[in-house]
Each structure stands twice: as C-alpha cells, then as structure tokens.
DNA sequence: CTGTTAGCGCGTTCAA
DNA sequence: TTGAACGCGCTAACAG
C-alpha cells in the first residue's frame, strides 16, 4: 500500500490538515512543525495521490490533446510530433500531465473531447487541427471548457489560439523574389475559404503593392486539395495561358514539387519557385526547394502556455499568438 | 455541477449501490429496475466520474508513454508518432486513456515514470526506447509495475516487449542481394552491444551460411554511433583494404548514405547498397535506397495489446512479440 | 497556528 | 435482489 497523508501525520505527530497545509504551503505554519512534517514525508517516502487530490476539488493538472488522424498529414511531416513535444516542454515544466488521442474523423474527435471532459480527467484541451473543425470548437464553447487551438480558427474572437504568422511569412518570401529581380510572381494556394490561404495571399498582395506591382489574377490559383498534381496543373495552365511569369510561390511544398516538374517538362528555365512547410523532401530534391519552416515546437509550447495561463487565472481574456516562421533559402531561388 | 450517481438514484427511485451495479452489470438485477436506472441515466445525461471511480479502487484505465527526447531520432523519421498512433488504436478501442511525456535523458525518464506511478494516474507504462535503458526497466521491475517495452531489452525474460524481427529482416535483405548474384557482402552496423545489431548480424550470417559463403571479418563493421560519416569511413576502409566486395548492407540508412557517397567519390560502380529504417530521404536520393520499413504502427499496437492484456489478467506470464518489417526494393539494388 | 469534521463520487462490503 | 454504511486519500471550511 502506498504511504498516505495520514501516516505522515501520525509520524510527525500532527493532524492531516497540517500535513496538507505543508504540502501546499497555504497558511502560515511554524517552521518547526513544517520541518517535522517534511522529515516525516522524506522518511516515509510519501508522494501525494493526485487522484484523491483531484476528487477533493483540486484541478487535475492534466491537458488533453486531440490529434486528427489524417494520415496524409501525419506521414508527410514531423509537425505533430514536434508540436506535441513543444506542448510537453511547457506543460511538464508546470507540472501538468498530458493526455492524447488520435481520432479518425470530426465525429470521433468530438467524442474524445466529450470523454475527456465527462470523465473528469482533464482540465483543458489542446486542439491540434490541421484545418478548421468547428464542431469541436462549438462543443467546447457550449460546455465552457478551457481550450486552445493550434491553427487558424475561422472565428478567432473569444477563443485562445496559436498560429503561424502566415501573412508575414509569405510577405518575406515574395520580398526575397523581388529582391532577386522577379516581378511576375504566380501564386498557388489552397482553398480561399481557409484562413491560412487568405492570410498568405494577403501577405503576397501586400508586397506586390508595396513594390507597385499590379497583381494579375491570371497568376492566382486556389485549389481545394493539396497535391503535387494540382501544382503541376496550375503551372501548366500558366504556361499555356501565355501570361508572362518569372517565379511561383505556393502555400505548400507539394504544389511546388508539381510546379517544378511542369517547368522541367516544358523546358522553362530561370523560374524561381518557393514552397511552404519545409517537408523532408524539400532539401533532398534537385534543385533543393526554398521553403518556409513552420516552428511546430514553438506553436506547441505557446499553445500550452496560453492554456495553462488561462487555467490558472480564470478571468484572463482569450487571446491569440502569432509565431514567426523561418524562410529557408535553397537552390530554387538562386 | 455534473450529474452524479446520487441524482440518478433519486430519479430512478433506487439506492446508490443499485445504480452502481447497473453500471457495472455486476450482480443480478431485475430487468425492470435496470430499465428504470438506465432511463434515469439517459434522462439526466449521467456520465461516470473516472476520478471518483479510481479513488474507490477501480483501475484508472490509463497508460503512460515515455518518449526519449533524442532529437536526432525524433526529426529523422516518423517512428515515434506512428508508434504512438499504433498504441492509441488499440488502447482507445479498449477504452483506455493515454498519457505521454518527453524526457531529455535517462534520469528524467525515470523521474517521469516515478511521477506516473506515484501520482496514481496510470496503471501501466509503455517504454518507447530507441535503445536500451536499464534504469527505467529496473525501476519498473523493482516497483513491480506493469509495463511493456518497444525495442530490444538486453534481458528479455520476465518482461513484456515488442520488437522488429531483426533477424528475419536482415536475412531477407541478404537473400535479395544473393539472388542478384552478389557474394561478397559487407556489413556495417551499430555497436555489437546492442541487441538489434546482434540480431541483424545473426540474420546476415545465417543467409551466408545457408548459401555456403564464408563470412569475411574484414567486411564487418560495428560502430558506436549512427552517422553518415561512419558509413563513409567504413566504406573507404573496405576500399583501401583491397578486400573484394560487391555489395553493402547496413543497419541504418545513415550508414548507407555515407557508403553511397564513398562509392561515388571513389568511382566504384555496381556495388549494391541497402539500408534500414526507410528514412524519408531514402526515396528521394538518386539512386533511391533499398531499405527496410519498420512497422511502427504495428509495434505500437502490439505493445498496447500486450500491456492491456496483462493489466486485465494479472497472472499472465510476460511475453515478447516479433513484428515483421517490409523490404522496400529501390534503385540501389538494381 | 493547528485540529476536527464534513464531504468529493463511487465501489463494496454486510445485512435485510 | 436491494439498501445502508463505510472507506478510498485528500482538501477546505470551521473551530479553537
């Protein structure tokens, strides 16, 4: 049987509550009795039982992480494991436990959240959503349960979120191209409904404007899925259209791989290409791809920070955090 | 406030214990009262409180996963995230919760295990060890706490483990080379103290023997660290030694990358090379690398199965499970 | 400053 | 077959 607070009390010759007080250094206690209690704790090797502590009203100090089981995303990059590690770095420092669950789809995702909440285990939740998932957010808001989302919520007010600074990141990419003398820059992105696409496109436009370059809608592509073939098709479209272009930025490395393929097949030279996400492949291909590194670690760490801060200070207002990413220059922009 | 068992009891007009019995369909209960209770549960939207349930003596149905924060390993492949997903697939099916923690080093690893056990949260632990970590194993055994290890424990008896079938995997690789007419096959592996190295080397030897090929110790290399440069150095050594060789097998893709580099620099042609672990780079390089895919998902799933089976049946004997891997043939063996 | 006491929500005796 | 009562280990009033 494990050592309980009671045995410590007896050993130290004090009452249960005194021991509890020493444990939480709540009210003032004589140094002397505090010493006696601490000695007893050491001697008996006492460790508090979190379960009992939680039952008695203390927060569980446990955070649940909900991961979408989108295999594509999962295999292609190390985003999730890095985000999870980021979360763990902050949470463990603060003495929090972490729970996780993979969910096959939206529905299951909500079910797990429900289970986390209902069971009483967790006191806060981190949503690790690649895209939007309003079902989860709504459920959490309806239940007034503390949570933070990594990614771009469609409605960012009244919720805690952490996201990349997509606007600035794309602006930096475009500025690089312009500094290299490029002017006719094509843009290939995901669905315009995604906030991440909107933000990156806005960053793109802002730099064009700053440099007095008129955006040409014929060079703008928004696709509903992320794939090499979409990138290939878009690039071919540009080429066939005859619109002049000297470079291509995309919101995902996958598009860029397709674009590079199209450029090679059609014999187009000197077209600079950039990607996004720094997928493993980007550094191995030839030419290697200039892309943007998402700081998943930092995203996770800040998500944990935000959540825990709100857990420990209930009347904090929800807030959002933008994390900067790193532009990685490689051969496709030389 | 959440709905408690008490409110259900009142609603159904029965006692607390009756509700509890219905929940666990323990002893016999009249269909009629069972119905009444179930209706009350539905009506009130009752969900059991796991915390209270655990305090009262039920198992927590929670598994702790300890992940080494070896950044090298973490970044280079998707092993961990896949193993974690594998674990989740089985555990979630069985209604278990999962906790995880990253640890910087052995010492911290033991500390987390200690915390998991002492806090009372978890009822079993999965060790996700890249290599051996006897400290953790010893601690767990000393405390007689249920656990399973993914990887190769140095002492496999009396503990639950899940590992790749390294012997067979390497045998398959060597057989492939022999089927391609290769005879003088070099072996580059990690430390001979590692069981994984021993097993793979044994698989290698077995096939040579089967094919009446005399192993040449001049072609066998065991290095203490996994890196491209080690692979490069070993290969150069072979070349300088003048010993005839027509192919190289390694126990890690990293060695193979170094080997390929050495072969190219020294202008050696027609040397087949194979790796291990199917790192992302292996499919992108030119020529692409023939390697062995570790089924991390399956490792995780079986680890969870083993642990949960032992959790639910205390007098089960510890056992080990070997998971088969897949040989991926690519250009370096054509 | 410290002890006493009453729960937290549930499982499990022991009687009935 | 069901109910009453106690306890799991701890926290938080309320006294003193």
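Chains as they are written, first to last, in our numbering: chain A, 6 to 339; chain B, 6 to 339.
Glycine included, C-beta positions come from ideal geometry on N, C-alpha and C.
Residue-chain proximity (residue i, chain A), Cβ-Cβ < 9 Å
i                      : result
residue 10 of chain B  : no
residue 97 of chain B  : yes
residue 234 of chain B : no
residue 286 of chain B : yes
residue 107 of chain B : yes
residue 295 of chain B : no
residue 277 of chain B : no
residue 337 of chain B : no
residue 289 of chain B : yes
residue 67 of chain B  : yes
residue 206 of chain B : no
Rounded C-alpha distance that separates residue i from residue j
i                      : j                      : result
residue 41 of chain A  : residue 35 of chain A  : 10 Å
residue 103 of chain A : residue 154 of chain B : 20 Å
residue 314 of chain A : residue 293 of chain A : 41 Å
residue 180 of chain B : residue 212 of chain B : 7 Å
residue 186 of chain B : residue 245 of chain B : 23 Å
residue 62 of chain B  : residue 64 of chain A  : 20 Å
residue 201 of chain A : residue 158 of chain A : 9 Å
residue 199 of chain B : residue 150 of chain B : 25 Å
residue 73 of chain B  : residue 115 of chain B : 11 Å
residue 326 of chain B : residue 224 of chain B : 31 Å
residue 10 of chain A  : residue 24 of chain A  : 7 Å
residue 139 of chain A : residue 67 of chain A  : 23 Å
residue 19 of chain A  : residue 39 of chain A  : 10 Å
residue 83 of chain B  : residue 300 of chain B : 11 Å
residue 134 of chain A : residue 305 of chain A : 12 Å
residue 171 of chain B : residue 319 of chain B : 30 Å
residue 17 of chain B  : residue 86 of chain A  : 47 Å
residue 58 of chain B  : residue 48 of chain B  : 21 Å
The beta strand (DSSP E) enclosing residue i, as first and last residue numbers
i                      : result
residue 168 of chain A : 165 to 169
residue 118 of chain B : Element bounds for residue 118 of chain B: not the beta strand (DSSP E) but the alpha helix (DSSP H), 111 to 124.
residue 155 of chain A : 152 to 155
residue 34 of chain A  : From DSSP, residue 34 of chain A is part of no beta strand (DSSP E); its letter is neither H nor E.
residue 331 of chain A : 331 to 333
residue 127 of chain B : Segment: none, residue 127 of chain B is in no beta strand (DSSP E) and carries neither H nor E.
Any chain B beta carbon closer than 9 Å to residue i
i                      : result
residue 155 of chain A : no
residue 255 of chain A : no
residue 125 of chain A : yes
residue 53 of chain A  : yes
residue 60 of chain A  : yes
residue 103 of chain A : yes
residue 93 of chain A  : yes
residue 85 of chain A  : yes
residue 43 of chain A  : no
residue 310 of chain A : no
residue 56 of chain A  : yes
Proximity test, residue i beta-carbon vs the ligand ADP heavy atom, cut-off 8 Å
i                     : result
residue 61 of chain B : The ligand ADP is absent from the structure shown, which contains no ligand whatsoever.
Span of the alpha helix (DSSP H) around residue i
i                      : result
residue 321 of chain B : First-last for residue 321 of chain B: undefined, no H or E at that position.
residue 25 of chain B  : 21 to 28
residue 10 of chain A  : 10 to 17
Spatially closest choice to residue i from the options, by CA coordinates
i                      : options                       : result
residue 309 of chain A : A:331, A:265 and A:131        : A:131
residue 26 of chain A  : A:200, A:8, A:194 and A:53    : A:53
residue 316 of chain B : B:96, B:39, B:232 and B:38    : B:96
residue 339 of chain B : B:271, B:296, B:319 and B:325 : B:296
residue 336 of chain A : A:329, A:280, A:326 and A:299 : A:280
residue 231 of chain B : B:115, B:204 and B:262        : B:262
residue 312 of chain A : A:60, A:259, A:298 and A:69   : A:69
residue 238 of chain A : A:252, A:152, A:266 and A:248 : A:266
residue 113 of chain A : B:189, B:94 and B:285         : B:94
residue 233 of chain B : B:247, B:259 and B:208        : B:259
residue 249 of chain B : B:33, B:188 and B:134         : B:188
residue 173 of chain A : A:57, A:256 and A:17          : A:256
residue 291 of chain A : A:278, A:323 and A:141        : A:278
residue 307 of chain B : B:89, B:37 and B:227          : B:89
residue 190 of chain B : B:170, B:197, B:241 and B:252 : B:252
residue 110 of chain A : A:87, A:141, A:125 and A:86   : A:141
residue 322 of chain A : A:166, A:55, A:288 and A:203  : A:166
residue 162 of chain A : A:107, A:328, A:324 and A:330 : A:324
Taking only runs that begin and end inside the stretch 177 to 236 of chain B, name each unbroken alpha helix (DSSP H) of 4 or more residues, in chain order.
If we require 4 residues or more, the alpha helix (DSSP H) runs fully inside the stretch 177 to 236 of chain B come out as 200 to 215.
Every unbroken beta strand (DSSP E) inside the stretch 242 to 307 of chain A [3 residues or more]
If one requires a minimum length of 3 residues, the beta strand (DSSP E) runs lying completely within the stretch 242 to 307 of chain A are 252 to 255, 277 to 279 and 296 to 298, in chain order.
Segments of 4+ residues assigned as alpha helix (DSSP H) that fall wholly inside the stretch 36 to 104 of chain A:
Within the stretch 36 to 104 of chain A, the complete alpha helix (DSSP H) runs of at least 4 residues fall at 36 to 49, 55 to 60, 76 to 81 and 84 to 98.
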